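Colleague: Numbering-wise, the sequence shown is residues 310 to 684 according to this note's numbering.
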Amino acid sequence: MKCVKGLGFLWVAVLAAFFALSACDDSSSASSDETGTSSSSVETSDLDESSSSVDKKSSGNESTEKDKSSSSVKDSDPADVSSSSAKETKNSSDSKSSSSVKSGDSSSSKKDVSSSSVSSSSSVKSSSSSVGSSSSSVKQSSSSVVSSSSFVKIDYTNPSHTYGELEDSRDHRKYKYLTIKGKNKDGERDSVTVMAENLNVGIMVQGVYDQADDLKIERYCYNNDSLNCIQYGGLYQWAEAMLLPSECNTKSCADKIKPNHQGICPDGWRLLTYDDFYIVVHADENVNPLVEGVRAIALGGHNYSGYSLIGSGYRTNEGQFEELNETAYWFYPSEHTTRFTRGGSGCNSKSDTGFYLGYADKVTGLSVRCVKDSD
């Protein structure tokens with residue numbers, strides 16, 4: 310609450326030479342400006358998941374033909390690209406209007422903790438500003454291509470590890486990855502080959518809009534700045550990350566979740582699961598607190614695993630951005646068991662000593678990590 314108060318007094322006395330006359334004027338004013346914030350918690354329980362002109366598949370993981378009307382990513386430029394043209398206007402009766410940004414209802418979202426939780430995650434707080442959703446087109450950023458010479462990406466990986474390099478054929482971006490050996494949930498030796506960077510694929514859209522164009526992959530960049538996508542990766546709503554119709558953000562699509570779900574990951578890669586992340590946390594040579602071995606030094610960790618988790622922040626369900634360099638959230642390919650508007654998520658911050666399986670509102674924008682598909 311913020312209060313601003315003003316109080317003033319004015320006295321005027323006029324004395325005439327032959328008359329005793331006095332006048333008094335007392336005026337005061339007080340104003341109060343109160344701003345309330347609504348909370349949108351990323352729920353936590355026991356920790357149990359993604360262009361530029363890349364087309365989104367309307368359902369499942371089958372490929373579709375590239376939309377020739379969209380702007381192309383410049384393959385030779387490692388910097389980010391945002392489309393300067395507006396997307397096609399959608400009819401207001403289109404089913405995607407059902408997944409528009411919700412305003413003012415996030416306060417009803419409360420933390421939901423499983424009895425098997427290791428510890429609880431910090432709540433994700435939504436901004437107080439309400440954003441009216443549009444039933445028409447999802448607006449793209451009008452920013453132009455960012456010159457790679459004007460921006461130097463910070464490398465958060467662990468130099469003592471050996472990393473491979475993956476090139477995404479859709480936009481020719483390159484990502485570092487490594488194989489991490491450790492123990493799985495059953496205590497057995499296991500390994501996972503995983504990206505050491507967050508995925509950054511899709512056409513940038515402003516944070517106030519839903520990612521509702523099912524023909525293209527869309528992403529948010531923190532503070533609507535494409536440079537942040539280069540450094541921290543894109544932020545995606547659950548249906549977008551899963552590469553499912555946007556209506557899946559407002560209804561259950563559990564029957565569309567596949568084993569080794571690819572989502573918006575490159576071909577040959579799939580979305581990170583809790584089981585994968587468990588191996589990462591329990592990597593060989595990792596030391597207590599284990600979760601610090603997952604985080605980059607910039608996020609308060611020692612990064613023994615080489616996974617290099619960074620504080621990419623998140624996009625609230627009201628279209629704002631919060632917690633850059635403080636907290637990392639990511640989506641898993643799973644749904645809340647009782648609330649179909651929530652998807653599985655993980656989170657970690659500088660102060661966390663445990664790791665979690667949480668559930669975030671599907672319309673929230675979170676990071677995505679990909680794992681090499683062994684099948």
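Glycine is no exception: its CB is placed at the ideal position from the N, C-alpha and C atoms.
Given the structure is predicted, the values throughout are model-derived calculations rather than measurements.
In the DSSP assignment, the alpha helix (DSSP H) including I588 goes from what residue to what residue?
Modeller: 583-590
Colleague: What residues in its chain sit with their C-beta under 6 Å from that of N467, if we drop five residues either side in the sequence?
Modeller: N612, G615
Colleague: In chain order, which alpha helix (DSSP H) runs of at least 4 residues are fully inside the stretch 544-573?
Modeller: Taking only runs of at least 4 residues, the alpha helix (DSSP H) segments lying wholly in the stretch 544-573 are 547-551.
Colleague: Where does S654 land, buried or exposed, given buried means 16+ other C-beta within 10 angstroms?
Modeller: buried
Colleague: Report the three-state DSSP secondary structure of L508 (helix, strand or coil).
Modeller: coil
Colleague: Could you name the residues of the same chain whose beta carbon sits closer than 7 Å to that of V680, not counting the 5 residues immediately before and after it, in chain order?
Modeller: V501, T502, V503, W578, R579, L581, D585
Colleague: Indicate whether N509 and R479 have their beta-carbon atoms separated by less than 9 Å.
Modeller: Their beta carbons are not under 9 Å apart, which means N509 does not touch R479 by this criterion.
Colleague: Might you give, ordered along the chain, the residues of its own chain that have their beta carbon closer than 7 Å to the beta carbon of Y255, omitting 5 neighbours on each side?
Modeller: In this structure the chain extends from 310 to 684, so residue 255 is not present and cannot be described.
Colleague: Excluding five sequence neighbours on each side, which residues of the same chain lie with their C-beta closer than 6 Å to the C-beta of S438?
Modeller: Confidence in S438 is poor, its pLDDT being 37 and thus under 50, which makes the residue's placement unreliable; the coordinate value appears in the next sentence. So the list is empty, once near-sequence residues are dropped.
Colleague: Along the alpha helix (DSSP H) that carries N537, what are the first and last residues, could you check?
Modeller: 535-541
Colleague: Between D495, L553, G609, which has its C-alpha nearest G572's C-alpha?
Modeller: L553
Colleague: Go ahead and pull the three-state DSSP assignment for S459.
Modeller: helix
Colleague: Given this structure, state the Cα-to-Cα distance separating S429 from S621, to the nearest angstrom.
Modeller: The pLDDT assigned to S429 is 35, lower than 50, so where the model puts this residue is not dependable; a value taken from the coordinates is nonetheless given after this. C-alpha of S429 to C-alpha of S621: approximately 20 Å in a straight line.
Colleague: Taking S561 as the reference, which of I539, V603, M551 has the closest Cα?
Modeller: M551
Colleague: Below 8 Å on the Cβ atoms is my contact criterion, and I expect A605 with Y472 to pass it. Report the Cβ-Cβ distance as a whole number of Å.
Modeller: Contact flag wrong, Cβ pair sits at about 13 Å.
Colleague: Thinking C-beta only, is Y531 closer than 9 Å to L666?
Modeller: no
Colleague: Kindly list the residues whose CB is nearer than 6 Å to the CB of S617, restricted to its own chain and excluding five residues on each side of it in sequence; keep chain order.
Modeller: Y465, T466, A505, A605
Colleague: Compare the Cα-Cα distances from P642 to each of E635, R648, G652 and report the closest residue.
Modeller: G652
Colleague: With 16 other CB atoms within 10 Å as the buried threshold, where does K462 fall?
Modeller: exposed
Colleague: For the beta strand (DSSP E) that G491 lies in, which residues bound it at each end?
Modeller: 483-492
Colleague: Taking all protein chains shown into account, do 16 or more other C-beta atoms lie within 10 angstroms of the C-beta of K525, making it buried, or fewer, making it exposed?
Modeller: buried
Colleague: If you reduce the DSSP assignment to three classes, tell me which class E476 lands in.
Modeller: strand
Colleague: As a quick exercise: from L536, F640, T662, pick the residue whose alpha carbon is nearest that of P598.
Modeller: T662
Colleague: Please classify D576 as buried or exposed, where buried requires at least 16 neighbouring CB atoms within 10 angstroms.
Modeller: exposed
Colleague: Looking at the secondary structure, which residues open and close the beta strand (DSSP E) in which G653 lies?
Modeller: Here the beta strand (DSSP E) through G653 covers 651-658.
Colleague: Please classify D593 as buried or exposed, where buried requires at least 16 other C-beta atoms within 10 Å of its C-beta.
Modeller: exposed
Colleague: Does DSSP classify E632 as helix, strand or coil?
Modeller: strand
Colleague: Nearest-angstrom Cα distance between Y486 and E474?
Modeller: Taking the straight line from one Cα to the other gives about 6 Å.
Colleague: With distance defined between alpha-carbon atoms, name the residue in H645, F649, A669, T647 nearest to C656.
Modeller: A669
Colleague: How about K671 and T636: are their beta carbons less than 9 Å apart?
Modeller: no
Colleague: Which one or two residues does DSSP pair with R579 in a beta bridge?
Modeller: V680
Colleague: According to DSSP, T502 sits in a beta bridge with which residue or residues?
Modeller: T488
Colleague: Taking the DSSP output, what are the residues bridged to G610?
Modeller: Looking at the DSSP assignment, G610 forms no beta bridge with any residue, so it has no partner.
Colleague: The beta strand (DSSP E) that contains Y668, what's its start and end?
Modeller: Taken as a continuous stretch (DSSP letters only), the beta strand (DSSP E) holding Y668 covers 665-670.
Colleague: How many Å lie between G609 and V590 at the Cα?
Modeller: 15 Å
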